[in-house]
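Asker: All residue numbers for the sequence shown refer to the working numbering, where the first residue is 16 and numbers rise by one.
Just so it is clear, CB atoms sit at the ideal spot from N, CA and C, and this is done for glycine as well.
Small disclaimer: the values here were computed from a predicted structure and weren't measured.
Dropping the structure in here first, questions after.
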Amino acid sequence: MVLVSHALCPYVQRAAIVLAEKGLPFERRDIDLANKPGWFLAVSPLGKTPVLLVDGAPIFESAVICEYLEDTALPRLHPQDAVQRAQHRAWMEFGSALLNAIGAFYNAPDEAALKARATDIQARFTQLEAELGDGPYFAGPAFGMVDAAFAPAFRYFDTFDRISDFGFSTGVPKVQRWREALAVRPSVVEAVSPTYGERLQGFLLARGSALSRRIDAAIAAAAVA
Ligand SMILES: N[C@@H](CCC(=O)N[C@@H](CS)C(=O)NCC(=O)O)C(=O)O
């Protein structure tokens, strides 16, 4: 299988994590989203990564790719029970909404908007905190599909926490423990290249946003220290 990818795309990471959890070999083919090749547009009707090529047949949309992998390869990452499975799919949607909130945060044009977006994310973390049990993963000791959906979102916060204290860890110990468990999971670690952190910082700096200015300030402060 070929996973058509972009180096920073969190949706690509979801598919890469599920492929790794199921022990499926795959080739990663990175494309430049600013300069989409014709072969990519031919297999990606929305012009988005990821696309999974299965014997050449394209599957687009990360959630659909994950479900295809769940239908065709063990171990199971969804619960057996239909109600629980539906609930887990619903929480995966919550994870997608969190990714949108993260985009709004790093694109916020000024400090007031940045703080409002941070408050929005904190509220979502509080909702998650109420949903979590003993962990370390979403539904307990076994890694599942919801974990694969949230791990790429949580990865952003490793970078955000280095820039400033936005209070993302405050009052949400279960979310914090969940983040830490996912951060060291081999499938999650290997879903991005070793240069991911640097590339993400470069991407965030280029937004021209309030967060970009915070990064500039943090770099300047580190240079003086
Ligand atoms: N709903 C899609 C979202 C995928 C998506 O937004 N991918 C982004 C990169 S992370 C993309 O390809 N955007 C197109 C562009 O930047 O032109 C999924 O879950 O696969």
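List in chain order the residues whose CB is within less than 5 Å of at least one heavy atom of ligand 1.
Answerer: After applying the 5 Å Cβ criterion, the set is 24, 26, 48, 63, 64, 76, 77.
Asker: Does the segment 212-231 come within contact of the segment 110-123, defined as at least 3 CB pairs closer than 8 Å?
Answerer: yes
Asker: Quick check on residue 101: does DSSP put it in helix, strand or coil?
Answerer: For the purposes of this step, residue 101 is taken as residue 86 along the sequence shown, with counting starting at 1. The answer is helix: DSSP assigns residue 101 an H, G or I state.
Asker: Excluding five sequence neighbours on each side, which residues of the same chain lie with their C-beta closer than 6 Å to the C-beta of residue 190?
Answerer: Locating residue 190 in the sequence shown gives position 175, where the first residue counts as 1. Cβ within range, chain order: 140, 143, 144.
Asker: If I follow the unbroken alpha helix (DSSP H) through residue 215, where does it start and stop?
Answerer: Counted from its first residue, the sequence shown places residue 215 at position 200. 211-220 is the extent of the alpha helix (DSSP H) around residue 215.
Asker: Nearest to residue 108 by CA position, among 130, 209, 81, 91, is which residue?
Answerer: Taking the first residue of the sequence shown as 1, we reach residue 108 at position 93. Taking only the C-alpha atoms, the option nearest residue 108 is 81.
Asker: Given a cut-off of 8 Å on the beta-carbon distance, is the pair residue 23 and residue 34 in contact?
Answerer: Within the sequence shown, residue 23 is the residue found at index 8, counting from 1. Within the sequence shown, residue 34 is the residue found at index 19, counting from 1. Contact check for residue 23 against residue 34 fails: the beta carbons are separated by 8 Å or more.
Asker: Taking its Cβ as the centre, do 16 or more other Cβ atoms sit within 10 Å of residue 25, making it buried, or is it exposed?
Answerer: Here residue 25 is taken as the residue at index 10 of the sequence shown, counted from 1. Classification for residue 25: buried.
Asker: Can you look up residue 202 in the DSSP assignment and give me helix, strand or coil?
Answerer: Taking the first residue of the sequence shown as 1, we reach residue 202 at position 187. If DSSP states are grouped into helix, strand and coil, residue 202 belongs with the helices.
Asker: Mind pulling the beta strand (DSSP E) runs of 3 or more residues that sit fully within the segment 41-87?
Answerer: 42-45, 66-69, 72-75
Asker: To the nearest angstrom, report how far apart residue 110 and residue 124 are at their CA atoms.
Answerer: Sequence index remark: in the sequence shown, residue 110 carries index 95 (1-based). Sequence index remark: in the sequence shown, residue 124 carries index 109 (1-based). Going from the Cα of residue 110 to the Cα of residue 124 covers about 24 Å.
Asker: Which one or two residues does DSSP pair with residue 19 in a beta bridge?
Answerer: Counting from 1 along the sequence shown, the entry for residue 19 is found at position 4. DSSP, once it has assigned bridges, lists 44, 66 as partnering residue 19.
Asker: Is residue 110 helix, strand or coil by DSSP?
Answerer: Here residue 110 corresponds to residue number 95 of the sequence shown, with the count starting at 1. Three-state DSSP puts residue 110 in a helix.
Asker: DSSP three-state label for residue 118, please.
Answerer: If you number the sequence shown from 1, residue 118 lands on position 103. Correct three-state label for residue 118: helix.
Asker: Using a Cβ distance threshold of 8 Å, determine whether the segment 49-60 contacts the segment 201-215, with at least three qualifying pairs required.
Answerer: no
Asker: Let me know if residue 96 comes out buried or exposed under the rule of 16 or more other beta-carbons within 10 Å of its beta-carbon.
Answerer: Locating residue 96 in the sequence shown gives position 81, counting from the first residue. Residue 96 is exposed by the Cβ-count criterion.
Asker: If you compare alpha carbons, which of 146, 155, 216, 48 is closest to residue 176?
Answerer: The residue you call residue 176 lines up with position 161 of the sequence shown. Minimum Cα distance to residue 176 is reached at 216.
Asker: Buried or exposed: where does residue 91 fall if 16 or more other Cβ atoms within 10 Å of its Cβ makes it buried?
Answerer: Position 76 of the sequence shown, counting from 1, holds the residue named residue 91. Answer is exposed; the Cβ neighbour count stays below 16.
Asker: Have a look at the DSSP bridge pairing and note the partners of residue 155.
Answerer: For this step, residue 155 is matched to residue 140 along the sequence shown. The partner list for residue 155 (beta bridge, DSSP) reads 152.
Asker: Pop quiz: residue 44 and residue 77 are said to be a contact at Cβ under 8 Å. What is the actual Cβ separation, rounded to whole angstroms?
Answerer: Translated into the one-based positions of the sequence shown, residue 44 becomes position 29. Translated into the one-based positions of the sequence shown, residue 77 becomes position 62. In fact, because the Cβ distance is near 16 Å, the residues do not count as touching under 8 Å.
Asker: Going by C-alpha distance, which of 196, 146, 134, 27 is nearest residue 156?
Answerer: Position 141 of the sequence shown holds residue 156. Nearest C-alpha to residue 156: 196.
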